[in-house]
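Reading through the structure tokens given below for one structure.
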Amino acid sequence: MHPISPVRWLTVLSASIVLIGCASVPLERANPDRLRANIDYRQAPDQILLETELRQGSGSRRVRADSQQFYVRDASGRETPLEEGDRRGDYSLQLNVGDGPYTLVLAGHGEHTLPLGETLILEDPEQVAGSRRSTSDRITVTYENEDQEALMWSFSARCGSDEWEVRRSLERDQDLIEINLQNVKQQLDRAAGATLTGEIPVTITLYRQYRDDPPAPFRYQRVRTQDSLTFTLDTARVGVQVSGSVSFMVSPNASLGIGAQSRPVRRCT
Numbered sequence: 001m002h003p004i005s006p007v008r009w010l011t012v013l014s015a016s017i018v019l020i021g022c023a024s025v026p027l028e029r030a031n032p033d034r035l036r037a038n039i040d041y042r043q044a045p046d047q048i049l050l051e052t053e054l055r056q057g058s059g060s061r062r063v064r065a066d067s068q069q070f071y072v073r074d075a076s077g078r079e080t081p082l083e084e085g086d087r088r089g090d091y092s093l094q095l096n097v098g099d100g101p102y103t104l105v106l107a108g109h110g111e112h113t114l115p116l117g118e119t120l121i122l123e124d125p126e127q128v129a130g131s132r133r134s135t136s137d138r139i140t141v142t143y144e145n146e147d148q149e150a151l152m153w154s155f156s157a158r159c160g161s162d163e164w165e166v167r168r169s170l171e172r173d174q175d176l177i178e179i180n181l182q183n184v185k186q187q188l189d190r191a192a193g194a195t196l197t198g199e200i201p202v203t204i205t206l207y208r209q210y211r212d213d214p215p216a217p218f219r220y221q222r223v224r225t226q227d228s229l230t231f232t233l234d235t236a237r238v239g240v241q242v243s244g245s246v247s248f249m250v251s252p253n254a255s256l257g258i259g260a261q262s263r264p265v266r267r268c269t
């Protein structure tokens, strides 16, 4: 039998470590001190979107739970298991606002009552939702904030499987948002690192952040009440960005060159 070379041994060992790190672990075998339940919680006027990730350790090893281990309990005591996503350890559920507040239960590891606050309503006087707009348009949305709470708004765009969001704060006495779509397009291009073209779904969101510090293993990644609308930004009328150089003659023996660099173009449908 030939001895295994050190290089080959290291290759086998590395592959084993990768496979072990990628494999999921059942909840009953998870280390309680290293377990995390990451929560993305968004309360809209009519429904709540709850998305969670069960992970263990600094390597974020995926943890899987069955329907009797990970569920929500509504105000009446009814229990509903979270639905497993496409990847192990990812769970989500859509909930009715009227049946809350809800308690998120992770059997053997604790439970946490999810916040339920006053809903926000984003008014759409110009019927922007579902419409098609160009970058030369300006749009206005309104809302009520009688208590002058600290609110935020954002605009986000999706292109293929990628999404970018740009967040902005609002003055406490403000009750409308005037939006220049040319500026929106420029900031989305900057966030994407590319010039987005085609038909781009854009979502405007008004939201209020909750301040909540849940017990371990629960951890919020995003927790807010919100309302939003989506429209299509059509860039068909936008000129194509070009790159090149221009030279100015300064003297018979010298010239001044100015170069222009463009971002890569990414088409969205």
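Start counting the sequence shown at 1; every next residue gets the next number (UniProt numbering). Quick reminder that beta carbons are idealized off the backbone N, C-alpha and C, glycines included.
Asked, Found
"Counting Cβ pairs closer than 8 angstroms, one from the stretch 219-228 and one from the stretch 186-199, do we hit at least three?", "no"
"Tell me whether glycine 110 sits in a helix, a strand or coil according to DSSP, three-state version.", "strand"
"When the Cα atoms are used, what is the spatial distance from tyrosine 220 to serine 58?", "17 angstroms"
"In chain order, what are the residue ranges of uninterrupted beta strand (DSSP E) at least 3 long that sit wholly in the stretch 137-184?", "138-143, 152-159, 162-169, 176-180"
"Below 8 angstroms CB to CB, which residues in the same chain sit around glycine 89 once its five sequence neighbours on both sides are set aside?", "Ser24, Glu53, Leu54, Arg55, Arg62, Val63, Arg64"
"Three-state secondary structure (DSSP) at leucine 54?", "strand"
"Can the beta-carbon of leucine 151 be found less than 9 angstroms from the beta-carbon of leucine 120?", "yes"
"Span of the beta strand (DSSP E) holding tyrosine 102?", "Careful: tyrosine 102 lies outside any beta strand (DSSP E) and carries neither H nor E."
"For the putative contact between aspartate 74 and aspartate 99, defined by C-beta atoms under 8 angstroms, what is the C-beta separation to the nearest angstrom?", "4 angstroms"
"Roughly how many angstroms lie between the CA atoms of glutamate 118 and arginine 34, to the nearest whole one?", "34 angstroms"
"Could you tell me the distance, in whole angstroms, from the CA atom of alanine 30 to the CA atom of proline 217?", "12 angstroms"
"For a test of the three-state rule: what should DSSP assign to leucine 233, helix, strand or coil?", "strand"
"Is the beta carbon of isoleucine 204 sitting closer than 9 angstroms to the one on serine 136?", "no"
"Reducing DSSP to helix, strand and coil, say where aspartate 90 ends up.", "strand"
"Just verifying my parser: in three-state terms, what is the DSSP assignment at leucine 188?", "helix"
"Tell me, which residues are paired with leucine 49 by DSSP?", "Arg42, Gln94"
"Alpha carbon to alpha carbon, what distance is there between leucine 114 and serine 245?", "Unreliable placement is indicated for serine 245, whose pLDDT of 43 sits below 50; the coordinate value is still reported in the next sentence. Computed Cα separation, rounded: 57 angstroms."
"Taking the continuous beta strand (DSSP E) assigned at leucine 116, which residues delimit it?", "No beta strand (DSSP E) holds leucine 116; DSSP gives it neither H nor E."
"Between the C-alpha atoms of glutamate 149 and glycine 108, what's the straight-line distance to the nearest angstrom?", "38 angstroms"
"Report yes if the CB atom of isoleucine 177 is closer than 9 angstroms to the CB atom of threonine 230, and no otherwise.", "no"
"Under the assumption that aspartate 175 contacts glutamate 144 (Cβ atoms under 8 angstroms), give the Cβ distance between them as a whole number of angstroms.", "7 angstroms"
"So, with DSSP's three-state summary, where would you put leucine 35?", "strand"
"According to DSSP, what are the bridge partners of aspartate 227?", "Leu206"
"Helix, strand or coil for leucine 27 per DSSP?", "helix"
"Could you check what DSSP says for isoleucine 221 in three-state terms: helix, strand or coil?", "Correcting the residue type first, residue 221 is glutamine in the shown sequence and not isoleucine. Residue state, collapsed to three classes: strand."
"Suppose the cutoff is 6 angstroms on Cβ atoms and the five residues either side in sequence are ignored; what does the same chain contact list for residue 342 look like?", "This structure cannot speak to residue 342, because the chain is shown only from 1 to 269."
"In three-state DSSP terms, what is valine 128?", "coil"
"What distance in whole Å lies between the Cβ atoms of aspartate 234 and arginine 138, which are believed to be in contact at a cut-off of 8 angstroms?", "Actually they do not touch by this definition, with Cβ atoms about 15 angstroms apart."
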